[in-house]
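The block underneath contains the structure these notes are about, expressed in structure tokens.
Number of protein chains: 2
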Amino acid sequence: MSQGSGAENISRVAFIGLGVMGYPMAGHLARCGYKVTVYNRTSEKAQSWVTEYGGKSAPTPAQAAADAQIVFACVGNDNDVRSISTAPDGVFSTLSAGCVFVDHTTASAQLARELAQIGRDRHIDFLDAPVSGGQAGAQNGALTVMVGGEEDVFERARPVMESYARAVGLMGPVGSGQLTKMVNQICIAGLVQGLAEGLNFAKRCELDVEQVLEVISKGAAQSWQMENRGVTMNRDEFDFGFAVDWMRKDLDLCLSEARRAGARLPVTALVDQFYADVQARGGGRWDTSSLIQLLRNR
Amino acid sequence: MSQGSGAENISRVAFIGLGVMGYPMAGHLARCGYKVTVYNRTSEKAQSWVTEYGGKSAPTPAQAAADAQIVFACVGNDNDVRSISTAPDGVFSTLSAGCVFVDHTTASAQLARELAQIGRDRHIDFLDAPVSGGQAGAQNGALTVMVGGEEDVFERARPVMESYARAVGLMGPVGSGQLTKMVNQICIAGLVQGLAEGLNFAKRCELDVEQVLEVISKGAAQSWQMENRGVTMNRDEFDFGFAVDWMRKDLDLCLSEARRAGARLPVTALVDQFYADVQARGGGRWDTSSLIQLLRNR
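One line per chain: the protein sequences are A and B, in this order. Going by the numbering used here, the first residue of the first sequence is number 1, and it counts up by one from there. Going by the numbering used here, the first residue of the second sequence is number 1001, and it counts up by one from there.
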């Protein structure tokens, strides 16, 4: 059925998980001419997707994967990935030898290694491939994909992923994509807290915060977060962006992996606790820049 | 002697403090055609400066200021500023009414307000004007100057400061320059610690750190520090840049001002403690990116 490693003519793909990221990602695949079969836990969304993009929807991950040459997944967490891959009606139960399973979920490096091992036993190749760029990046086909796996597998999957990515990088062996994404989130956590402390201080000192941002964003304090979140933080607007609930999930992965690797993360661990405080105030869906709220209301 | 507020034809200036910043800043003034009289605590440096740029050197701040229309200072800290300004042989003892005293030292906002008051009593105008851009910025005449003071005074001094600045901004009343510089340092403290934790984690996880930096610096984790210090941090190179001793001095100002303003700085205060640890290891002269050292050696 499946053509396996005949990578030159990949035409049939499956996409599992049509959330805010997966829905537009699968859409880009359809627009690029791939025959896409989708699966989503709530089938209404899969129906909407088919209405919008054509293609087919399947009632289980196994049925979505049955005829695919590459299966992509983008779901919530480790458990969700297991339930669509290794469970009885999961992807591994039908995906043919020689095919590739690409997991775009931000999940643990450990899970990636487990799935790669399960794949190896069945001659199925695996790539861990978390993304960054957010909902806007997914919609505009401008994601960054951080991939862990073997080079020949990566080269087979890369042209397909370029349907929705601006940059696709092989970071090392299986798990390296997840680890790279963790580095990204660790850098962001400390950075956003520092920015929050700076902007709250500026307001308390009665500075014109937007003018301050304009000046200091030209120098050594400059960051993407400062340029893209500074003004909204100052205005206490958080109703968009990357949700605190998602960040806490990612930081949990970082802190667990750091424990294994023997890496100290003192500020990351502290900021994770601050995010817990934001959740406790009902801000789980707010953007990560909402850390400033904890400084405002004393 | 002094022409006071005849700002259109300012030609005689004084520069107090020829450190790594002041030396090239005063040099730019001389190159732009101003008649510069310099003062430096160790007179050998003032002699070298005169040999290099022409102009005159004076044995006391008072004598340097006596004939100047604008006096610039760039010294170490609050106490140094007092000793060159309000002390018996300080700038205020000779500077004529209608002239301007511009303090480029990173110092407290409180000191700026005090000096402005002393100046007002003598009809001398004061601007607090800390800079960012580091030694390279001073040498290339590309500093950012954050100014606090009155608009007409600012407009008189601005063309002169543009000799060594790429951007000169009036941030608000006296003290606002210092407060803006503090916001800058607060943002940097948390940011650099987050970056250190991310890069140390990456190395412990055996990722190719430079490749990781290349990928994540295109997204939401991007920062000036990541782009300009990431690779050197990963290589444990700290023999350049903005010294930890200077950062601790600045963070002391931030933490004191935050106490006054009722602004919480939990991560900034923690990172300040980490910088104390770097100093205890003999790293006071290392670049601020040396925070990663504390994570390396457990």
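Just so you know, even glycine gets a beta-carbon here, dropped at the ideal spot from N, CA and C.
Check, Outcome
"Per-residue burial, Phe238 (chain A) [other beta carbons within 10 Å of its own, 16 or more giving buried]", "buried"
"Supposed close pair Lys1218 (chain B), Ala167 (chain A) - CB separation, criterion 8 Å", "6 Å"
"Selected residue, minimal CA-CA separation from Glu52 (chain A), among A:Gln293, A:Arg31, A:Gln69, A:Pro59", "A:Arg31"
"Selected residue, minimal CA-CA separation from Arg296 (chain A), among B:Ala1261, B:Ala1276, B:Val1215", "B:Ala1261"
"Residues of its chain near Ile1292 (chain B), where Cβ-Cβ distance is below 7 Å and the 5 sequence neighbours each way are ignored", "Ala1196, Leu1199, Asn1200, Met1233"
"Nonlocal neighbours in the same chain, by C-beta distance under 7 Å from Val1209 (chain B), ignoring five residues either side", "Leu1199, Ala1202, Lys1203, Asn1234"
"Nonlocal neighbours in the same chain, by C-beta distance under 6 Å from Val131 (chain A), ignoring five residues either side", "His104, Leu143, Val145"
"Chain B within 8 Å of Asp208 (chain A), Cβ atoms only", "yes"
"Contact under 8 Å by Cβ, Val1267 (chain B) with Val267 (chain A)", "yes"
"Runs of beta strand (DSSP E) lying entirely within the stretch 1031 to 1095 of chain B, each at least 3 residues, in chain order", "1035 to 1039, 1070 to 1073"
"Residues near Thr86 (chain A) in its chain [Cβ-Cβ closer than 7 Å; skip 5 each side]", "Phe92, Ile118"
"Closer than 7 Å at the beta carbon, the chain B residues around Gln117 (chain A)", "The contacting residues do not exist; Gln117 (chain A) stays about 19 Å from chain B at best."
"Test item: CB-CB of Gly172 (chain A) and Phe242 (chain A) under 8 Å", "no"
"Contact with chain A by Thr1268 (chain B), beta-carbon distance below 8 Å", "yes"
"Contacts that Leu253 (chain A) makes with chain B (C-beta to C-beta distance below 8 Å)", "Within chain B, no residue comes near Leu253 (chain A); the closest Cβ sits about 11 Å away, beyond 8 Å."
"Proximal residues to Asp1252 (chain B) (C-beta, below 8 Å), its chain only, five neighbours per side dropped", "Asp1272"
"Proximal chain A residues relative to Gln1135 (chain B), where beta-carbon distance stays under 8 Å", "Correct list: empty, because the minimum Cβ distance to chain A is about 12 Å."
"Short-range partners of chain B found in the stretch 89 to 116 of chain A, where Cβ spacing is below 7 Å", "none"
"Length of the line joining the Cα atoms of Asn228 (chain A) and Ala221 (chain A)", "14 Å"
"Bridge-paired residues (DSSP) for Leu1143 (chain B)", "B:Ala1165"
"Counted within 10 angstroms of its Cβ, other Cβ atoms place Ala1276 (chain B) as buried (16 or more) or exposed", "exposed"
"Minimum Cβ-Cβ distance from Glu237 (chain A) to chain B less than 8 Å", "no"
"Integer-rounded CB distance, given that Asn1184 (chain B) should sit under 8 Å from Ile188 (chain A)", "Actually they are not in contact, since the Cβ atoms of Ile188 (chain A) and Asn1184 (chain B) sit about 19 Å apart, beyond 8 Å."
"Where the alpha helix (DSSP H) through Phe1274 (chain B) begins and ends", "1266 to 1280"
"Option nearest Phe1101 (chain B) by Cα separation, candidates B:Lys1035, B:Ala1068, B:Leu1265, B:Gly1177", "B:Ala1068"
"The stretch 1143 to 1166 of chain B: positions lying closer than 7 Å to chain A by Cβ", "Thr1144, Met1146"
"Residue-level contact to chain A via CB, Arg1082 (chain B), 8 Å cutoff", "no"
"Residues bridged to Arg12 (chain A) (per DSSP)", "A:Lys35"
"Endpoints, the beta strand (DSSP E) within which Phe1126 (chain B) is located", "1125 to 1128"
"Nearest-angstrom beta carbon gap, Val1174 (chain B) and Ala1116 (chain B) [assumed within contact, 8 Å]", "4 Å"
"Any beta strand (DSSP E) of 3 or more consecutive residues that is wholly inside the stretch 1202 to 1271 of chain B", "none"
"Ala1280 (chain B) burial status per 10 Å Cβ neighbour count (16 or more: buried)", "exposed"
"Asn9 (chain A) versus Tyr34 (chain A) - alpha carbon distance", "10 Å"
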